[in-house]
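Working notes for the structure below.
Residue numbers (full-length UniProt numbering): 1 to 170.
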């Protein structure tokens, strides 16, 4: 009886790990899409509302209650503490990278965008935002391809590795 309970626990745990890995694979393209939408909102706020970066980032954070919105909430807080937009953006992106399923390549796109943030007039800033959105779209497509390739495999591998472990322990 104890052997059966142990086997079920092992298989359940490894299956759960497989599903958690699949959730990470599913979360990355979703977050990249959200980031593109928030950058599009930033573009609109800067161009049409003529808001400052602090006001625009607060507005975007209020409109987007997700991890992408969290990036802008962190950014607005950092901007209030220090007046250099690039440093505030870098800190915010680093925090988001630690708390999400984004990869270093995604972070590189966001960091590159941060070097241009607030450094240009509105038209040049619009070009930089669109460039970042294009790069994020490319990363999103890559993430969706990885999701299609590895999501089901992760789930199956979790279950099958549990079965193998149980067989080895018997």
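Note that the Cβ used here is the ideal one computed from N, Cα and C, for glycine as well.
Range covered by the alpha helix (DSSP H) that runs through residue i
| i | result |
| --- | --- |
| residue 93 | 85-99 |
| residue 147 | 122-169 |
| residue 110 | 104-116 |
8 angstroms contact criterion, which residue i and residue j should meet: CB distance rounded
| i | j | result |
| --- | --- | --- |
| residue 131 | residue 31 | That belief does not hold up - the Cβ atoms of residue 131 and residue 31 are roughly 19 angstroms apart, past 8 angstroms. |
| residue 133 | residue 36 | 5 angstroms |
| residue 107 | residue 97 | 5 angstroms |
| residue 99 | residue 68 | About 12 angstroms; that fails the 8 angstroms criterion. |
| residue 114 | residue 90 | 6 angstroms |
| residue 158 | residue 15 | 5 angstroms |
| residue 136 | residue 109 | 6 angstroms |
C-alpha distance - residue i paired with residue j, whole-angstrom precision
| i | j | result |
| --- | --- | --- |
| residue 129 | residue 25 | 26 angstroms |
| residue 123 | residue 160 | 54 angstroms |
| residue 164 | residue 22 | 20 angstroms |
| residue 61 | residue 144 | 25 angstroms |
| residue 154 | residue 162 | 12 angstroms |
| residue 173 | residue 111 | An answer regarding residue 173 cannot be provided, because it is not within the stretch 1 to 170 covered by the chain. |
| residue 9 | residue 148 | 28 angstroms |
| residue 125 | residue 46 | 9 angstroms |
| residue 49 | residue 13 | 51 angstroms |
| residue 57 | residue 150 | 35 angstroms |
| residue 93 | residue 87 | 10 angstroms |
| residue 1 | residue 156 | 26 angstroms |
| residue 54 | residue 84 | 11 angstroms |
Original post:
Which full runs of the alpha helix (DSSP H) of 4+ residues lie inside the region 32-72, going along the chain?
Top reply: 53-63
**OP:** Please determine if the region 41-51 and the region 73-83 are in contact, where contact requires at least 3 C-beta pairs separated by less than 8 angstroms.
**Re:** no
Original post:
Counting Cβ pairs, one atom from each stretch, are 3 or more of them under 8 angstroms apart for the region 77-93 and the region 2-21?
Top reply: no
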